[in-house]
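All you need for my numbering is the position in the sequence shown, starting with 1, plus 103. To keep things clear, I will list the structure first and then write my remarks on it.
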Amino acid sequence: MEAIASEAASGTNSAREAARRLGLPPSSVRNILRRILQLFPYKLQSCHELLPADTAQMEAFAKWAFSLN
């Protein structure tokens, strides 16, 4: 399990690749990552901060999008 934890800490390798290197079934590696290490298969995406000035532009886009129907 320490090997899987070190693999997970790097965040660059897939669970499938780790399973192949460790000689474990991929489902076992996924279960260890999710249930024991509390790591889940998604990546965080950064986005820009919304400012009060962005509201008018968002409203204009929403009105335009709804007018297409």
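Ideal Cβ placement from N, Cα and C applies to all residues, glycine included. None of the values given here were measured: they were computed from a predicted structure.
Between the CA atoms of residue j and residue i - distance to the nearest angstrom
{"i": "Ala159", "j": "Phe169", "result": "15 Å"}
{"i": "Asn134", "j": "Asn116", "result": "16 Å"}
{"i": "Ser131", "j": "Leu125", "result": "11 Å"}
{"i": "Gln148", "j": "Asn172", "result": "31 Å"}
Residue i, buried or exposed, once every other Cβ within 10 Å from all chains shown has been counted against 16
{"i": "Leu136", "result": "buried"}
{"i": "Ala156", "result": "exposed"}
{"i": "Ala121", "result": "buried"}
Other residues of its chain near residue i: CB distance less than 8 Å, five sequence neighbours each side excluded
{"i": "Ala165", "result": "none"}
Close Cβ partners of residue i (< 6 Å) along its chain, the five nearest in sequence each way excluded
{"i": "Arg119", "result": "Pro129"}
Other residues of its chain near residue i: CB distance less than 7 Å, five sequence neighbours each side excluded
{"i": "Phe143", "result": "Arg137"}
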